[in-house]
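There are 2 protein chains.
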Amino acid sequence: MALKESDIRNIFLFSELDNNEIEKIKSFSRHKTFNKGEILFFDTEPYQGFYCIIEGTVKLYKISKEGREHIMHIMKDGDTFGEVPVFENYEAVLRDLAKYPVNAMAIDDNTNTIQVPAKQFLEILRNSNELCMKFLSTLSKRLKILNSHIQGITLQDIKKRLSGYILSEHKRQSEERAKKIKVKGLKLPVSVNYIDLAISKNDLASHLGTIIETLSRTLKKLQDEDIIEVNSKRILIKNFKKLISYSD
Amino acid sequence: MALKESDIRNIFLFSELDNNEIEKIKSFSRHKTFNKGEILFFDTEPYQGFYCIIEGTVKLYKISKEGREHIMHIMKDGDTFGEVPVFENYEAVLRDLAKYPVNAMAIDDNTNTIQVPAKQFLEILRNSNELCMKFLSTLSKRLKILNSHIQGITLQDIKKRLSGYILSEHKRQSEERAKKIKVKGLKLPVSVNYIDLAISKNDLASHLGTIIETLSRTLKKLQDEDIIEVNSKRILIKNFKKLISYSD
DNA sequence: CGTAACCTTGATTAAGATCAATTCTCGTGG
DNA sequence: CCACGAGAATTGATCTTAATCAAGGTTACG
Chain A
196 MALKESDIRN IFLFSELDNN EIEKIKSFSR HKTFNKGEIL FFDTEPYQGF YCIIEGTVKL
256 YKISKEGREH IMHIMKDGDT FGEVPVFENY EAVLRDLAKY PVNAMAIDDN TNTIQVPAKQ
316 FLEILRNSNE LCMKFLSTLS KRLKILNSHI QGITLQDIKK RLSGYILSEH KRQSEERAKK
376 IKVKGLKLPV SVNYIDLAIS KNDLASHLGT IIETLSRTLK KLQDEDIIEV NSKRILIKNF
436 KKLISYSD
Chain B
196 MALKESDIRN IFLFSELDNN EIEKIKSFSR HKTFNKGEIL FFDTEPYQGF YCIIEGTVKL
256 YKISKEGREH IMHIMKDGDT FGEVPVFENY EAVLRDLAKY PVNAMAIDDN TNTIQVPAKQ
316 FLEILRNSNE LCMKFLSTLS KRLKILNSHI QGITLQDIKK RLSGYILSEH KRQSEERAKK
376 IKVKGLKLPV SVNYIDLAIS KNDLASHLGT IIETLSRTLK KLQDEDIIEV NSKRILIKNF
436 KKLISYSD
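Chains as they are written, first to last, in the working numbering: chain A, 196 to 443; chain B, 196 to 443.
Structure (structure tokens):
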């Protein structure tokens, strides 16, 4: 399947480039599709370039010596990842000495991506202030997310972290729905009081810095307090106020 | 005390700007000095612009509802911080609605800083690809640091985190020494097998995601294993190999 | 040399991890 | 349409790490 221009324009980073630049990026980028469980890259691998997600979900994670996993980020449609080495260790990238900073695995079937090679891309970047500003915005948003991630893990117990996650997912999924209504004209409910877990409970636990048993118990606690109701992948929010009060 | 051009050039971000740009930045930036314990900004405060450290040390931290503190970053000479809102929430900055993302406190006396107002700065940024690239590099380095920070906190116990910190400080202080020899021609020992703690043990504990009692016990454990020797602020490294093996 | 800030050490507690045993869910083939 | 089996999730019992609470010791500095 060939790369479409519209796919590229849906990537936030590239959304405002001119046709000429889009053409260039199309010409040297590779289109790659992954199934659930397939690896995009390991953190031991030589750096090849960054990825953009056209459609699907990718988890970025680290593994400890003992085999424990922690998910740093869940990336979705329109997101970009693995760009850090381009700016952080530019020299190393040019000399093929850089490595990927994390592991990346597809967690949806048919996860559809573009791989953008670093070297060719750098030339476009140097001539496009617009693109630089987009990258600055992207990296800043990521810094903000990592910041609150650290805050959660170091300053909040698991009940609070889970409450925060449910609320932020509710927000994200609402925005997602609003976007679909706007772009595709779909008739979707504007506002709902539930979230649908987009990832497995195992992955959620790993993202919250805990393990699945503890997550299970914590979900039950929130349910026992009549704050949420869990039906497999769907979590109904019955008491927003209390959930917000837990999440700080 | 007036701002000197050489002070500005020592800030990594501004090191390669032309004289004209340096003059502009000088003209609208404010020179501010803080003593130990003084606050640069709180995370509840309206955003005024970012800071550069000419000399001194600043801790960036968050506080939980219960009053526990976690130090995200320790910033030193030449470092910049608080730039994220400029790129992350540009609109909000222009309308004076943005807030600082963390709290910042000086932890050295006579911490000497420049405060750069966001609005005027944005105009220079838009016309300088060079400056954009510098920022991309700065933010990427910070992302990398936050990444390993999360990794440490979620995947390593305190002994490992402490070992890692000692080694990274040893590296940083060695580079610092090398720089001073080069720039000022000082006669310093090129290589030493100790580190001098630049921050209080309380702050170190908070940075490692623990409390001072646990830090104290962990230092003692490493000392009992004959890996380090602690003399108040100086930590002698007696067994690099073991320290490295602990730090992953 | 006195006092406050900093640090160490000990005893106890608590949150969450680990280990182990079921149970639930869902896709596949008979 | 049902039975089977595998992976996912739940639940319980126990263990571990590090936090909390409490007391005493050190250091630095006016």
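Idealized CB from N, CA, C, for every residue including glycine.
At least one CB atom of chain B sits nearer than 8 Å to the CB of A:G404.
In terms of Cβ geometry, A:I266 and A:S401 form a close pair [threshold 8 Å]. Approximately 6 Å separates the beta-carbon atoms of A:I203 and A:I217; this is inside 8 Å, confirming the contact.
Residues of the same chain with a CB within less than 8 Å of the CB of B:K221, apart from the 5 flanking positions on each side, are L198, E200, I203 in chain order.
By the C-beta criterion, the region 317 to 324 of chain B is judged not to be in contact with the region 302 to 318 of chain A, since fewer than 3 inter-stretch pairs fall below 8 Å. With a threshold of 8 Å between beta carbons, A:Q243 makes no contact with chain B. Burial is judged here by how many other beta carbons sit within 10 angstroms of a residue's own beta carbon; B:K415 has fewer than 16 and is exposed. The beta carbon of A:I439 lies closer than 7 Å to those of L362 in the same chain, with the five residues before and after it left out. Excluding residues up to 5 positions away in sequence, L381, L383 lie with their Cβ nearer than 7 Å to the Cβ of B:K375 in the same chain. Where B:E286 is concerned, the enclosing alpha helix (DSSP H) starts and stops at 285 to 289. Short of 7 Å from the beta carbon of B:V297, and not among the five residues preceding or following it, lie these beta carbons of its own chain, in chain order: D238, L255, Y256, K257, M267. In this structure, B:S335 lies near A:F282, with their beta-carbon atoms less than 8 Å apart. Contacts with chain A at 8 Å (Cβ-Cβ) include B:L341.
When CB distances to chain B are screened at a threshold of 9 Å, the residues of the region 272 to 285 of chain A falling below it are E278, V279, P280, V281, F282, E283, N284, Y285, in chain order.
For A:M328, the closest Cβ of chain B is nearer than 8 Å.
Taking 8 Å as the upper bound on Cβ-Cβ separation, chain A lies near residues K257, I258, S259, K260 of the region 243 to 260 of chain B. One Cα belongs to B:I269, the other to A:I340, and the distance between them is close to 19 Å. For the C-beta of A:P296, the chain B residues within less than 7 Å are, from N- to C-terminus, K339, N342. Contact with chain B is absent for A:T228, since none of that chain's Cβ atoms lies less than 8 Å from the residue's Cβ.
Nearest C-alpha to A:V253 among A:E240, A:E286, A:M300: A:M300. In this structure, the straight-line span from the alpha carbon of A:L208 to that of A:L326 is close to 7 Å. Per DSSP, the beta-bridge partners of B:L431 are B:Y389, B:E424. Check the Cα spacing between A:F223 and each of A:K231, A:G232, A:E233, A:Q243: the tightest is with A:Q243. Put simply, of B:I248, B:E240, B:E250 the residue whose alpha carbon is nearest the alpha carbon of B:L292 is B:E240. Neighbourhood of A:T349 in chain B, by CB distance below 7 Å: H265, I348, G404, in chain order.
By the Cβ neighbour-count rule, A:G262 is exposed, with fewer than 16 other Cβ atoms within 10 Å of its own. According to the DSSP secondary-structure assignment, A:G244 is paired through a beta bridge with A:P312. Any Cβ of chain A closer than 8 Å to the Cβ of B:D238 would place that residue at the interface, and such an atom is absent. Where B:V253 is concerned, the enclosing beta strand (DSSP E) starts and stops at 253 to 258. B:R429 has a beta carbon lying at 8 Å or more from every beta carbon in chain A. Inclusion of B:G232 and A:T349 in the CB contact set at 8 Å is not warranted, their separation being larger than that value.
If the five residues before and after A:T409 are omitted, its C-beta is found closer than 8 Å to the C-beta atoms of I353, A400, all from its own chain and listed in chain order. In this structure A:G359 does not touch A:D303 by the C-beta definition: roughly 24 Å separates them, more than the 8 Å allowed.
In this chain, the alpha helix (DSSP H) harbouring A:I203 covers 200 to 204. Between A:N230 and A:N305 a beta carbon distance of about 7 Å is seen, short of the 8 Å cut, so the two are scored as contacting. Listed along the chain, the chain B residues whose CB falls inside 9 Å of the CB of A:R321 are N324, M328.
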